[in-house]
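Residue numbers (this note's numbering): 148 to 593.
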């Protein structure tokens, strides 16, 4: 049989014409091998589950014409697929076919269908049609039940159809077809989720600064590398004065922020976005860093409490005119300050609790005056927690050592940032993904 003939056999038009006037064509003239070949060809080019069920019913009808066959498939969610229940029967079974349809309309499967409920249905079916021998066959695929087949026979003493090799072949093809349908649905679902995640990642990436602002006497660089498409890391630069010219902003006070929501992926990304909005509103009040964190914690406590998550955050503001940096810490990794005059690194830290866990949490404010060539590195724990194939951590000590060597040379902030990420990649391995989001912000006093 040619491919054109096969395509014609299971076209919608063919099935419709056959059902309306079966005397014009009969499948009996085809050998079962040819029917099997066309069915296999159909499965290879599978696209319509309803058409497949109709085609299987046609085959059943003309190969097992002495029987009525009821097919009850399960849908993608494992429930009874009511709209695709099929009955295969010749004209002499029309009366019982109507009775079965009436019975199905009266028997309501629960919305949260469980496989064990089918026993109740089968008992009711046998009690209502005692004049028939009813055989039952599960449609199984990949170890899961995909539906049920019921064979009604007037010959109570006859051989079991479920033991017929032709029947089992068709039933197996039907199982493959249903499985194909579920796989296609799963694939489409995953594609939809991927598209939504990609859209979310694109939106979230736009929430992070596209570029570093121009601030008088400061060389800035920043980068976030999420472990997944959506991440829970956050950094930001915000001018504490709104509605002023770009030129005036250069010498105004600026807030530098870096934070990390516990976890990664979609939940962390959503919470990060929520906290970003809260923080940006708080920053415009111009309050000291410790007060900013206190108020942010009060705003976020209810939302984060319900999510069973928390956030670490380091908040600082810098005045280019005085070179004073004020800061408060909500249990985030303390930034590393390179003191050029002393050729050493110290940690910028202040006592404080994570955001979202403790309503009465207190925060303290620290302050330091920066000098020429001083440098501050803000980072998230995804940097120091990165591990290599041996399970070794990149750790803070290694980061301090690398930063110290780089600060002793005449590199820009962006060059230092690139080199640290390069060291991180060399340590973890080029083809090894980070286990957590990794973000760094560097600013250097010129």
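Using N, Cα and C, we set each Cβ at its ideal position, and we do this for glycine too. Just so we're clear, the structure is a prediction, and the values are computed from it rather than from any experiment.
Please name the residue, chosen from the options, that lies closest to residue i on a Cα-to-Cα basis.
i, options, result
"residue 218", "513, 296, 562", "296"
"residue 282", "330, 303, 409", "303"
"residue 567", "557, 580, 547", "547"
"residue 259", "196, 227, 482, 243", "227"
"residue 291", "418, 329, 301", "329"
"residue 301", "312, 574, 276", "276"
"residue 510", "490, 463, 229", "463"
"residue 367", "288, 496, 523, 423", "523"
"residue 565", "274, 486, 553", "553"
"residue 575", "432, 204, 529, 265", "529"
"residue 267", "278, 254, 279", "254"
"residue 289", "263, 307, 248, 327", "327"
"residue 358", "485, 408, 380, 385", "385"
"residue 588", "502, 381, 208, 190", "381"
"residue 556", "371, 586, 591", "591"
"residue 429", "559, 418, 446", "446"
"residue 225", "208, 203, 263, 444", "263"
"residue 579", "374, 294, 506, 244", "374"
"residue 278", "243, 261, 563", "243"
"residue 312", "422, 207, 459, 433", "207"
"residue 294", "246, 399, 431, 324", "324"
"residue 484", "518, 195, 306, 199", "518"
"residue 491", "551, 581, 432", "551"
"residue 459", "421, 406, 506, 305", "406"
"residue 229", "256, 245, 506, 427", "256"
"residue 449", "506, 199, 335", "506"
"residue 210", "269, 182, 399", "182"
"residue 543", "336, 265, 190, 493", "493"
"residue 502", "421, 334, 582", "421"
By Cβ distance below 7 Å, which residues in the same chain neighbour residue i in space, the five residues on each side in sequence not counted?
i, result
"residue 332", "223"
"residue 362", "397, 401, 467"
"residue 504", "457"
"residue 601", "The structure shown does not extend to residue 601, since the chain is modelled only from 148 to 593, so the question has no answer here."
"residue 436", "462, 463, 464, 473, 474, 475, 512"
"residue 195", "none"
"residue 269", "283"
Rounded to whole angstroms, how far is the Cβ of residue i from the Cβ of residue j, which I believe are closer than 8 Å?
i, j, result
"residue 593", "residue 364", "5 Å"
"residue 298", "residue 321", "Not really, about 14 Å apart at Cβ, beyond 8 Å."
"residue 310", "residue 284", "Rounded, the Cβ-Cβ distance is 10 Å, inconsistent with contact."
"residue 240", "residue 215", "4 Å"
"residue 404", "residue 418", "No, residue 404 and residue 418 are not in contact; Cβ-Cβ is about 15 Å, not under 8 Å."
"residue 383", "residue 360", "Contact flag wrong, Cβ pair sits at about 10 Å."
"residue 372", "residue 584", "7 Å"
"residue 370", "residue 184", "In fact, because the Cβ distance is near 59 Å, the residues do not count as touching under 8 Å."
"residue 249", "residue 204", "Not quite, the Cβ-Cβ distance comes to about 19 Å (not below 8 Å), so this is no contact."
Among residues of its own chain, excluding the 5 on either side of residue i, which ones have a beta-carbon nearer than 8 Å to its beta-carbon?
i, result
"residue 232", "217, 218, 219, 220, 251"
"residue 315", "309"
"residue 540", "531, 532, 533, 534"
"residue 395", "388"
"residue 187", "320"
"residue 197", "231"
"residue 425", "443, 446, 447"
"residue 274", "none"
"residue 434", "442"
"residue 558", "566"
For the ligand SAM, any of its heavy atoms closer than 7 Å to the Cβ of residue i?
i, result
"residue 275", "Summarising the ligand content, the structure contains no ligands, and the ligand SAM is consequently not present."
Sorted by chain position, which residues of the same chain lie with C-beta nearer than 6 Å to residue i's C-beta, five sequence neighbours on each side aside?
i, result
"residue 237", "212"
"residue 520", "487"
"residue 508", "444, 500"
"residue 561", "368"
"residue 570", "549"
"residue 498", "511"
"residue 176", "Only weak support is given to the placement of residue 176: the predicted model assigns it a pLDDT of 46, under 50, and the question is left unresolved by the model."
Stretch-stretch touch, CB-based, cutoff 8 Å, three pairs: the segment 460-468 with the segment 530-548
The segment 460-468 and the segment 530-548 do not touch, with fewer than 3 CB-CB distances between them shorter than 8 Å.
Where in the segment 403-443 do unbroken runs of the alpha helix (DSSP H), each at least 4 residues long, occur, reported from the N-terminal end onward?
Counting whole runs of 4 or more residues, the segment 403-443 contains the alpha helix (DSSP H) stretches 412-430.
Count Cβ pairs between the segment 435-445 and the segment 472-485 that sit closer than 8 Å; are there 3 or more?
Touching, yes, given that three or more Cβ pairs across the two stretches are closer than 8 Å.
Mind the definition here: the segment 381-400 touches the segment 547-558 only if three or more C-beta pairs lie below 8 Å; say whether that holds.
Verdict: no, contact absent.
As an exercise, report each continuous beta strand (DSSP E) stretch of at least 3 residues that is fully enclosed by the segment 282-328, in chain order.
Runs found: 291-300.
Which ranges does the alpha helix (DSSP H) cover as unbroken runs of at least 4 residues, wholly within the segment 193-281, from first to last along the chain?
Counting only runs that start and end inside the segment 193-281, the alpha helix (DSSP H) elements of at least 4 residues fall at 196-210, 241-253, 264-275.
Give the list of continuous beta strand (DSSP E) stretches no shorter than 3 residues that lie fully inside the segment 450-527.
If you keep only unbroken beta strand (DSSP E) runs of at least 3 residues inside the segment 450-527, you get 458-466, 471-477, 483-486, 491-494, 513-516, 522-526.
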